[in-house]
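Data block below; observations after.
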Amino acid sequence: MLTSLQQSSQRHLSDGELWDRARQGSADAFGVLFERHASAIYSFCFRRVADWSVAEDLTSIVFLEAWRRREKAISPDMVRAWLFGIATNVVRNQRRSQRRYRAALARVPREPLASSFADESDARMSHQQEMAIILAAVGKLPRREQDVLALCVWSGLSYEEAAAALAVPVGTIRSRLSRAKQHLGTHLAGSDTYGTCVNGRKDNND
Amino acid sequence: MTSNAYSRMPDWDMPPGRLQARRDHLIYEIRPRSSVASIRNPRRPLAVVILAGAALIIPTLALSGRLGLFDLGAYVSGNAKAPHPSVVDLSQARKLVGMTLSSGRALTVWQAPTTGGGQCTFTHYSEPSAASAPPTVIDGSAECSDAAPSQKWSSDQPLSTGLEWNREPGGLYAVLVEGLVNPSSQIARVDLRSASGPTPMAFANDYFLGELPPTSAAGQLPDGGPYVLIAYDSAGKVVATEDLQAAIDQARPK
Numbered sequence: 001m002l003t004s005l006q007q008s009s010q011r012h013l014s015d016g017e018l019w020d021r022a023r024q025g026s027a028d029a030f031g032v033l034f035e036r037h038a039s040a041i042y043s044f045c046f047r048r049v050a051d052w053s054v055a056e057d058l059t060s061i062v063f064l065e066a067w068r069r070r071e072k073a074i075s076p077d078m079v080r081a082w083l084f085g086i087a088t089n090v091v092r093n094q095r096r097s098q099r100r101y102r103a104a105l106a107r108v109p110r111e112p113l114a115s116s117f118a119d120e121s122d123a124r125m126s127h128q129q130e131m132a133i134i135l136a137a138v139g140k141l142p143r144r145e146q147d148v149l150a151l152c153v154w155s156g157l158s159y160e161e162a163a164a165a166l167a168v169p170v171g172t173i174r175s176r177l178s179r180a181k182q183h184l185g186t187h188l189a190g191s192d193t194y195g196t197c198v199n200g201r202k203d204n205n206d
Numbered sequence: 207m208t209s210n211a212y213s214r215m216p217d218w219d220m221p222p223g224r225l226q227a228r229r230d231h232l233i234y235e236i237r238p239r240s241s242v243a244s245i246r247n248p249r250r251p252l253a254v255v256i257l258a259g260a261a262l263i264i265p266t267l268a269l270s271g272r273l274g275l276f277d278l279g280a281y282v283s284g285n286a287k288a289p290h291p292s293v294v295d296l297s298q299a300r301k302l303v304g305m306t307l308s309s310g311r312a313l314t315v316w317q318a319p320t321t322g323g324g325q326c327t328f329t330h331y332s333e334p335s336a337a338s339a340p341p342t343v344i345d346g347s348a349e350c351s352d353a354a355p356s357q358k359w360s361s362d363q364p365l366s367t368g369l370e371w372n373r374e375p376g377g378l379y380a381v382l383v384e385g386l387v388n389p390s391s392q393i394a395r396v397d398l399r400s401a402s403g404p405t406p407m408a409f410a411n412d413y414f415l416g417e418l419p420p421t422s423a424a425g426q427l428p429d430g431g432p433y434v435l436i437a438y439d440s441a442g443k444v445v446a447t448e449d450l451q452a453a454i455d456q457a458r459p460k
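As you go down the protein sequences, you meet chains A and B in turn. The opening position of the first sequence corresponds to residue 1 in the numbering used here, with each subsequent residue numbered one higher. The opening position of the second sequence corresponds to residue 207 in the numbering used here, with each subsequent residue numbered one higher.
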């Protein structure tokens, strides 16, 4: 009960304030960060692996890894981007990450899904198949371009956020994204919509 | 469909119940484990402390206050459980005792001097493969003194025992038994006897550790009791016994 009270009292805090508290050892503050960003990280991981179950485990790993690195000082408005950066690395080194946290993952409760989930489950399976096809095509791009595509276009990060996530200059993000779109056009003919990153805002139709 | 590769994709939530399960699991993994009462205060007679995560912090404080144990709140309530790392010389940490829990994790007890001439005794959870590696941080519970601890055993009881309940992700509570023996008692082994028979406790450097089956309620012993600690000397003679239920009843506020 005290835990929920502590978390409730922290839900109004900004990411930067929560991160500061997490750095001081507050698991509750970190729990609020998890609640706030888990779905985005989960969705990002899914887009990179096309497997809902694996994405769930990778999400746990991302936050466990973030906690492990909690001594790092982060710009208050870049906590979310930093989590995406960790997620990018966790996905890239998926097997190593899963090996490192194998014991922790073994302790995740495996609860049966609610029956009301059946309909949504069909949709997820369909989406999983679609994502696998997309990844097969995008997999022909250089890994660095895939990363920018997944961050900027699929997940809606700004140039600045993507730059913070990947620890590269903003100009590098721009150029990688430009090349990714060129390469993607070669691999996926007949496209109708391009997404891109903008300064601080996402635009799907530039 | 392939146009999705060029556009923002929607975010999905985890299936029902999974976000909460993953959050609980995360908190379980990152939250420093609670205290080992008798190790915090190793020269005390019997002390039973009930710890079951945040939900029982207040009862715990009340109980420990009644027993006059130690400033538990400073370690439990704020997550800042460890003393400032600069005062503890972890390079000189010495492992006292350790065991592998049923969860697969290793629980070890360490002792290290402080820069002020005192001493810290602390618990550390790790993967079993790392159980012998000196901790680089104090991430578990700790009991520290500013001065060198007294070597005088303050009780006529040969055992000083603590119990700890830690909530597991599945909702059950892991029950740990830990404590130390009077160094002059010649105790060489401590067993935990239950209905299923005796189980040897991890025992070294006068400290012992053991684990009971999980229970559904903090502060209660699991089925399969009575649970009794039996201490033997090197010749196999019983030196002391301790009924854990009686110890709990004795420690509860009246």
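We treat Cβ as the ideally placed atom computed from N, Cα and C, and that holds for glycine.
- If you look at Trp218(B), you'll find it isn't in any beta strand (DSSP E); DSSP assigns it neither H nor E.
- By the rule that beta-carbons nearer than 9 Å mark a contact, His231(B) touches chain A.
- The shortest CA-to-CA distance from Leu18(A) to any of Asp77(A), Tyr42(A) and Tyr101(A) is the one to Asp77(A).
- Take the alpha-carbon of Arg92(A) and the one of Gly171(A): they are about 22 Å apart.
- The Cβ neighbour count for Pro364(B), taken over all protein chains shown within 10 Å, is at least 16; the residue is labelled buried.
- With its beta carbon less than 9 Å from one in chain B, Thr59(A) belongs to the interface.
- Excluding its 5 nearest sequence neighbours in each direction, Thr447(B) has C-beta neighbours in its own chain below 7 Å: Val434, Leu435 and Ile436, listed in chain order.
- For Leu157(A), the closest C-alpha among the options Ala66(A), Phe34(A) and Gly85(A) is that of Gly85(A).
- In the structure shown, Lys443(B) adopts coil according to DSSP, grouped into three states.
- Pairing Ala167(A) with Leu151(A), the inter-Cα distance amounts to about 13 Å.
- Counting other Cβ atoms within 10 Å of its Cβ, Met131(A) reaches 16 or more and is therefore classed as buried.
- Across the structure, Val54(A) and Ala337(B) are spaced so that their CA atoms are roughly 29 Å apart.
- Around the beta-carbon of Gln317(B), 16 or more other beta-carbon atoms lie within 10 Å, marking it buried.
- In this structure, the CA atom of Leu296(B) is about 20 Å from the CA atom of Arg69(A).
- DSSP places Glu145(A) inside the alpha helix (DSSP H), whose first and last residues are Arg143 to Val148.
- In this structure, Ala424(B) places its C-beta atom within 9 Å of the C-beta atom of Tyr379(B).
- Contact annotation for Ser97(A) against chain B: no contact, minimum CB-CB distance about 14 Å [criterion: below 8 Å].
- Nearest to Ser390(B) by alpha-carbon distance, out of Arg224(B), Ser422(B), Pro420(B) and Asn411(B), is Asn411(B).
- Contacts between Ile74(A) and chain B, judged by CB atoms closer than 8 Å, are missing: the closest CB pair is about 17 Å apart.
- For Leu386(B), the uninterrupted beta strand (DSSP E) run begins and ends at Tyr379 to Val387, by DSSP.
- At a cut-off of 9 Å between beta-carbon atoms, Val138(A) makes contact with chain B.
- CA-CA distance, Ser335(B) to Arg214(B), rounds to 43 Å.
- Look at Pro76(A) here: in three-state DSSP terms it is helix.
- Taking 9 Å as the cut-off, the beta carbon of Asp217(B) is found no closer than this to the beta carbon of Tyr159(A).
- No Cβ-Cβ contact shorter than 9 Å links Val79(A) with His231(B).
- Out of Trp52(A), Asp15(A) and Leu149(A), the CA that lies nearest to the CA of Val138(A) is found in Leu149(A).
- Counting along the chain, the unbroken beta strand (DSSP E) around Asp397(B) starts and ends at Ile393 to Ser400.
- Residue burial annotation: Gly377(B) is exposed, with fewer than 16 other C-beta atoms found within 10 angstroms of its C-beta.
- Taken atom to atom, the span from the alpha-carbon of Gln94(A) to that of Asp57(A) is near 10 Å.
- Unbroken beta strand (DSSP E) stretches of 3 residues or longer found wholly inside the stretch 408-442 of chain B: 408-410, 413-421 and 434-439, given in chain order.
- Taking all protein chains shown into account, Met407(B) has 16 or more neighbouring C-beta atoms within 10 Å of its C-beta and is therefore buried.
- Proximity of Gly16(A) to chain B, defined by a Cβ-Cβ separation below 9 Å, is not satisfied.
- Using a Cβ-Cβ cut-off of 9 Å, Asp219(B) is close to Ala38, Ser39, Tyr42 and Ser43 of chain A, given in chain order.
- For His330(B), the enclosing beta strand (DSSP E) stretches over residues Gln325 to Ser332.
- The alpha-carbon of Thr314(B) is positioned some 15 Å away from that of Gln298(B).
- A distance of 9 Å or more separates the beta carbons of Val90(A) and Glu71(A).
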